[in-house]
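In structure tokens:
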């Protein structure tokens, strides 16, 4: 059984990630250890009812996966529910779901009774291979996304790839985007292994588990050095600035994974044109990324509109945007880039060539 | 100029408490250092408008002092206001007010943008002599008081006794309750100084400042040892269990200070009857406390009703309540006490004698 331990500076403790074979047995164990309240993805509950419909939870709240559920108003409702169910400081909250349910569970656990323990069972590839580590939660306020939140890692993360069977394809691509991002940031042997095996994801459970494990090791290394995102953790935004602008441009019709993958490929194209990345590096990485997005490439018609979305990014300071550009795998750096005609032309070139 | 530094384990840093002469100059300095958003007690703003109505705050939100303002719904509103005013991670929030405004300011600063710096200027004696140190905030959910919150100390606390001039007498008694509590928990020289001078509070600014300073030193010592209230910080609940029940019994018509002072005196009476406290210790402390509450003693008519309020306390486990009983100054201990006829009779005796 694979296992890893992550140190949280914010919480001044370690938390472990356990890969388990029998998820039912693990949940039984959790519920036996101490009174446990459960917040769970409604859809996951439906699909895995035989495992998850338990009488030994102190309380169970099902959560609809929708951005509207991630508001302070809704958090108020969840907390009220837990208090009515007599939650105490020595109880635990078990959170089962993907990134959105994680956000809600982590934040709720952080502020209820000034913070109680929570345990996380991630059920989407993105949560499994990336977001489960790193302590962050994000809650929406009005039109502002993730502008409220906390750093509150779980005490334990229980991993079971069993849940991946229930995912639609769009769910898998979200995870693959972040796994490839980790590989490209880290480079070396981990990049080698992931880039050689990622196209076969979903075929062999043992390979899948190894890919996930490698991805988490990279994430662990980054967040242990910089949990509060003051420096090196910012590298995890690789591909995200261009990706978010693309998600905005398409009115969020494309998935986050497609956004991030296209964003990294575009960033690399700019690196190539700026002579930061060699042609051979670009080709190698482009072939890898492009195999996942080729059939789903977004066609940009209005480049000025895309530039407006880009200029709204949190990383814009004055007329410049902080973007992450790479020389090659393992060599990603933050660089300031002017939001001007040159940048627009690079972007136009990229989409003319590949979309 | 008096100064003290408090270590926060939760935040992994120190924060300072500065006693200043010229509060106007200090606020000028704060607003100059970096973009500053201000959350302020509406009443304080009215009274000290000449000092506090500043053009150099990035934004200013006035807060009505009312328990209804301390809800997640209202926090949503304050955060929305700050985001509309383009608050950034490197800005600061300046919080000016008493304990309620502190709760709102501390919690808002903790969760907005996953935590930003805040500076606190306390304006009530309770906030000045007690609550400003210790990192805690509490927010209400439905009928549940302070069941949501965080540990997020300010980066700096600016002390000016100038604000005490604006307080109604009930405001002063709230502070005196906690100052005496600190003195009784600590004992020794600090108890000596506070007990000898507290009755003259408000007469000589230099003495007032020294009393506040001594009170804060005691609080500092306790919270530095146990910020998260796992053990020794629980001593700060001395008098509070009996006091809260009294506040509840009177439908919150008495102030918190009267509740706490009566609660400590009652706890000491029980200690006397249980032969934990000597008669001479009881008389000495009773005379001190009683001088503040004598004219405002609550008469209890329905003792069963009082016992019901007592049994609802958070510190009740099964048929027992954890109360803090003292042998003498500096010798307070947590003890389990059965919620039975014996306890009720002690309480009845106390109120028959003194109310």
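Protein chains in written order, with my numbering: chain A, 14 to 368; chain B, 14 to 368. Just so it is clear, CB atoms sit at the ideal spot from N, CA and C, and this is done for glycine as well. For clarity, every value in this text was computed on a predicted model and none was experimentally measured.
In the DSSP assignment, the residues bridged to residue 172 of chain B are B:32. Per the coordinates, the alpha-carbon of residue 200 of chain B lies some 34 Å from the alpha-carbon of residue 80 of chain B. In the same chain as residue 204 of chain A, and ignoring 5 residues on each side of it, the C-beta atoms closer than 6 Å to its own belong to 196 and 342, in chain order. A check of alpha carbon separations from residue 112 of chain A across A:144, A:100 and A:40 identifies A:144 as the nearest. Taking every protein chain shown into account, the CB of residue 273 of chain A has 16 or more other CB atoms within 10 angstroms, so this residue is buried. Within chain B, no C-beta atom comes nearer than 7 Å to that of residue 82 of chain A; the closest sits roughly 15 Å away.
Burial check for residue 209 of chain A: the Cβ neighbour count within 10 Å stays below 16, so the residue is exposed.
Per DSSP, residue 355 of chain B lies in no beta strand (DSSP E) segment; the continuous alpha helix (DSSP H) that holds it begins and ends at 354-367. In the same chain as residue 119 of chain B, and ignoring 5 residues on each side of it, the C-beta atoms closer than 6 Å to its own belong to 150 and 165, in chain order. Shown here, residue 332 of chain A sits in coil according to DSSP, grouped into three states, outside any helix or strand. In the structure shown, residue 61 of chain B adopts coil according to DSSP, grouped into three states.
By the neighbour-count criterion, in which 16 or more other beta carbons inside 10 Å mark a residue as buried, residue 74 of chain B falls on the buried side.
Residue 251 of chain A sits close to residue 198 of chain A, with the two beta carbons spaced by under 9 Å. DSSP places residue 122 of chain A within a helical segment (H, G or I) once states are collapsed to three. Residue environment for residue 181 of chain A: exposed (fewer than 16 other C-beta atoms within 10 angstroms of its C-beta). Around the Cβ of residue 260 of chain A, a 10 Å sphere holds 16 or more other Cβ atoms; the residue is buried. For residue 161 of chain A, the chain B residues whose C-beta falls within less than 7 Å of its own C-beta are 92, 124 and 125, listed in chain order. For residue 53 of chain B, the enclosing beta strand (DSSP E) begins and ends at 49-54. The DSSP-derived three-state label of residue 104 of chain A is coil.
Inclusion of residue 32 of chain B and residue 109 of chain B in the CB contact set at 9 Å is not warranted, their separation being larger than that value.
Per DSSP, reduced to three states, the secondary structure at residue 216 of chain B is coil, with no helix or strand assignment. It is roughly 12 Å from the alpha-carbon of residue 364 of chain B to the alpha-carbon of residue 303 of chain B. Taking the Cβ atoms as the reference, residue 107 of chain A lies roughly 13 Å from residue 64 of chain A, outside the contact range of under 8 Å. The Cβ atoms of residue 270 of chain A and residue 191 of chain A sit closer than 9 Å to each other. For residue 87 of chain A, no chain B residue has a C-beta closer than 7 Å to its own C-beta; the minimum C-beta separation is roughly 10 Å. The three-state reading of DSSP puts residue 289 of chain A in coil, since its state is none of H, G, I, E or B. Inter-residue distance for residue 124 of chain B and residue 85 of chain A is about 11 Å (C-alpha atoms, whole angstroms).
Below the 7 Å Cβ cutoff, chain B contributes 93 as neighbours of residue 155 of chain A, in chain order.
Apart from the 5 residues on each side of it in sequence, residue 332 of chain A sits with its Cβ closer than 7 Å to the Cβ of 351 and 352 in its chain, given in chain order.
Residue 336 of chain A is not a Cβ neighbour of residue 214 of chain A, given a cutoff of 9 Å. If you draw a 10 Å sphere on the C-beta of residue 83 of chain B, you find 16 or more other C-beta atoms in it, and that means buried. For residue 281 of chain A, the nearest beta carbon of chain B is not closer than 9 Å to its own beta carbon. Nearest in C-alpha terms to residue 19 of chain B, of all of B:232, B:247, B:356 and B:280, is B:232. Using a Cβ distance threshold of 9 Å, residue 129 of chain A and residue 170 of chain A do not count as a contacting pair. The Cβ of residue 149 of chain B sits closer than 9 Å to at least one Cβ of chain A.
Contact annotation for residue 96 of chain A against chain B: 154, 157 and 160 [CB-CB distance below 7 Å, chain order].
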